[in-house]
Amino acid sequence: AAHGFFSVECTACCGLGNGAMQEGRHEEGVALLRNALAAAQLNEMDEPAYEIAPLGELVDALFKTHAIDEVEPLVLRFREAAKAESEKEGFCFQELGSLIFIARLHEAR
Numbered sequence: 386a387a388h389g390f391f392s393v394e395c396t397a398c399c400g401l402g403n404g405a406m407q408e409g410r411h412e413e414g415v416a417l418l419r420n421a422l423a424a425a426q427l428n429e430m431d432e433p434a435y436e437i438a439p440l441g442e443l444v445d446a447l448f449k450t451h452a453i454d455e456v457e458p459l460v461l462r463f464r465e466a467a468k469a470e471s472e473k474e475g476f477c478f479q480e481l482g483s484l485i486f487i488a489r490l491h492e493a494r
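Going letter by letter, the sequence shown gives residues 386 to 494 in my numbering.
This is the structure we're talking about:
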């Protein structure tokens, strides 16, 4: 049975990355959020929600640091993860969040 190591790592790195971003340590925050996203891809529970959280935080952080070129593929990936979560759970509010990210990306371009 899976012990959930990568799920725990994902959650921890996402929280620490978000905290670093809030404290203005953007480079450290983005690095932690990228680590969270890498761990999310390895999570043993095949749970789209573990990818949604770090993706959303990372997309938001990259918008703040004006790394727009990196944002587009992540927004599309966020959209797909949100759709997968909706298919699994019936509805996922993050699908609306993905539309907001798409609008922000369009505005930034």
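Glycine included, each C-beta is placed from N, C-alpha and C at the ideal position.
Since the structure is predicted, the reported quantities are computational estimates derived from the model, not experimental observations.
Range covered by the alpha helix (DSSP H) that runs through residue i
{"i": "Thr-450", "result": "First-last for Thr-450: undefined, no H or E at that position."}
{"i": "Asn-403", "result": "390–407"}
{"i": "Asn-420", "result": "411–426"}
{"i": "Arg-489", "result": "479–493"}
When the options are compared against residue i, the one with the closest alpha-carbon
{"i": "Ala-416", "options": "Val-444, Met-430, Gly-389, Asp-431", "result": "Val-444"}
{"i": "Ala-438", "options": "Cys-399, Thr-450, Glu-470", "result": "Cys-399"}
{"i": "Ala-467", "options": "Leu-484, Ile-453, Gly-389", "result": "Leu-484"}
{"i": "Ala-446", "options": "Ala-434, Ala-469, Val-460", "result": "Val-460"}
{"i": "Leu-458", "options": "Leu-490, Ala-469, Glu-394", "result": "Note on residue identity: the sequence assigns Pro, not Leu, to residue 458. For the residues Leu-490, Ala-469, Glu-394, the minimum Cα distance to Pro-458 belongs to Leu-490."}
Contact belief for residue i with residue j at Cβ below 8 Å, rounded distance in angstroms
{"i": "Gly-402", "j": "Leu-427", "result": "Between Leu-427 and Gly-402 the Cβ distance is about 17 Å, and since that is not below 8 Å, they are no contact."}
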